[in-house]
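The structure under discussion appears below in the form of structure tokens.
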Amino acid sequence: MTIKKIKKIKSNKTTTTEKVVAKPTHKDKLAYGVPNLKAIEKYFDSHQENFTKSMRAISNQVIANPDILRDNTLASCAKKLNIGEVSIMRFCKLLGFKGFTDFKKYFIDHFFDIPKKEINPDDIYDLDVNTKSNPADVLTKATNYLASVSLETKHKLSSQINILSKAAEQIYGARNLLLISTEANRFLIEEIAYRFNTIGIMAICASSPADIISKACLLHKGDVAIAVQSSGYNKDILSIISLLQKQRVFTIGMCNDARADLSVKVDLAFTSSGTYDKNYHNLQDSIYTRVSQLLIFECIIGLVTALDIQRSTNSRLNNLNALDLLNQSKKR
1 MTIKKIKKIK SNKTTTTEKV VAKPTHKDKL AYGVPNLKAI EKYFDSHQEN FTKSMRAISN
61 QVIANPDILR DNTLASCAKK LNIGEVSIMR FCKLLGFKGF TDFKKYFIDH FFDIPKKEIN
121 PDDIYDLDVN TKSNPADVLT KATNYLASVS LETKHKLSSQ INILSKAAEQ IYGARNLLLI
181 STEANRFLIE EIAYRFNTIG IMAICASSPA DIISKACLLH KGDVAIAVQS SGYNKDILSI
241 ISLLQKQRVF TIGMCNDARA DLSVKVDLAF TSSGTYDKNY HNLQDSIYTR VSQLLIFECI
301 IGLVTALDIQ RSTNSRLNNL NALDLLNQSK KR
């Protein structure tokens, strides 16, 4: 008995020194949120009858360590669970979600208790920096976050290959393309409209309610409209989408929530990343969301260009020739 006790004491001494170094503080745990294990277990238990063997393995590992789901992207989560990405996607869809990110948001909102804390003027949620951060730290954190947003967007689009192709085909065959948004996204849609024009697609944009209505009324069957709105719940944008659908215009939506009204209402929907920081504070109109939106549009523009490279080349040449003529006329 005495020998066993001595061994236990020795092992405790060795492990406690290691734990002190790696163990997060109580404040850190609160910042990330505390998982409600009973609620998580109850949620997965209610679906056990429909789970396959691999799905049960996923649920058991998530119950044992909920942080795996919360703190990782689809690729890193699959690696840590030692399960394929396709299996995780099937798991999410069986639970009634469109994909991994959609389920991840729901999981954090419902099963992590994040207590309200006092606002600290040193906190900047986007990058988790403070007044003591130096330029090198900020640069590293910014590039890392941009990389993770780009990777998350890539994973989302990888599961939407057919939707990307369909969006490109519809835009390519459209007589007119209208991009609409709220004022918050005005500069984005202006830039995208210009990009479409350079490859031979007749694109116009509108962001004020009156301008959107006047331009939307000009569209008919065979035209395409793309709505970009952060939350996906803007009443003006949703009413315009209803109007466009009555005119048999093909509608595409882009917002930050796969379950938002905009995503459900349109013919095709894309979900941008970068909406939340690592503590899941809302960053609806952050620069990271813009990067994700630009990546999605870049893929669509690239696919439209690939459908008719000759038309895109001719359009670019015409633009360059027009600029040359303008420069020559100015010199005269």
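In full-length UniProt numbering, the protein residues as written are 1 to 332.
Where is the CB? At the ideal position from N, CA and C, for every residue including glycine.
The structure presented is a predicted model; accordingly, all values stated were derived computationally and were not measured.
Cβ neighbours of L303 within its own chain (closer than 7 Å, five residues either side excluded): L164, S165, A168. Residue environment for Y172: buried (at least 16 other C-beta atoms within 10 angstroms of its C-beta). In the three-state reduction of the DSSP assignment, C255 falls in the strand class, which pools E and B. Looking at the DSSP output, S181 bridges to V228. Taken through DSSP and simplified to helix, strand or coil, L244 comes out as helix. Counting only the Cα atoms, I237 lies some 11 Å from L244.
Note: T271 is bridge-paired with C255 in the DSSP secondary-structure output. Per DSSP, the beta bridge partners of F250 are V224. Taken through DSSP and simplified to helix, strand or coil, I40 comes out as helix.
Cβ contact annotation for A193 (same chain, cutoff 6 Å, sequence separation greater than five): L179, A203, C205, in chain order. When rounded, the separation of the alpha-carbon atoms in S263 and V149 is 20 Å.
Annotated as distal: S273 and K141, with beta-carbon spacing of 8 Å or more.
The continuous beta strand (DSSP E) containing I204 extends over residues 203–206.
Closest by C-alpha distance to I301, out of A216, P209, T198, is T198. In the three-state reduction of the DSSP assignment, V34 falls in the strand class, which pools E and B.
The beta carbon of P35 is closer than 7 Å to those of P66, F111, F112 in its chain, skipping five residues each way along the sequence. Annotation: the continuous alpha helix (DSSP H) that includes Y106 extends over 100–111.
Between F44 and I68, the beta carbon gap of about 14 Å keeps them out of contact (Cβ cut-off 8 Å). Less than 8 Å divides the Cβ of S230 from the Cβ of T289.
Within 10 angstroms of the beta-carbon of E191 lie fewer than 16 other beta-carbons, which makes it exposed. Assignment of V62 by DSSP, reduced to helix, strand and coil, places it in the helix class.
Proximity to S286 across N256, F297, L307, V266 peaks at N256, based on C-alpha coordinates. Taking a C-beta distance under 8 Å as the contact criterion, V129 and L177 do not qualify as a contact pair. In the DSSP assignment, K265 falls within the unbroken alpha helix (DSSP H) covering 261–265.
Our two residues, G200 and Q310, have alpha carbons roughly 10 Å apart in a direct line. If you look at N144, you'll find it in the alpha helix (DSSP H) that goes 135–158.
Measuring C-alpha to C-alpha distances from I108 to each of E41, R175, R70 identifies R70 as the nearest. Assignment of beta-bridge partners to V291 by DSSP yields no partner.
Bridge partners of V86 according to DSSP: none are assigned.
Burial of F103 is indicated by the presence of at least 16 other C-beta atoms within 10 angstroms of its C-beta. Apart from the 5 residues on each side of it in sequence, L94 sits with its Cβ closer than 8 Å to the Cβ of H47, N50, F51, M55 in its chain, given in chain order. Where Y233 is concerned, there is no enclosing alpha helix (DSSP H), because DSSP gives it neither an H nor an E.
C92 and A210 have their alpha carbons spaced roughly 41 Å apart. Shown here for S292: same chain residues with a beta carbon closer than 7 Å to its own, the five before and five after excluded, namely V149, T153, S272, S273, G274 in chain order.
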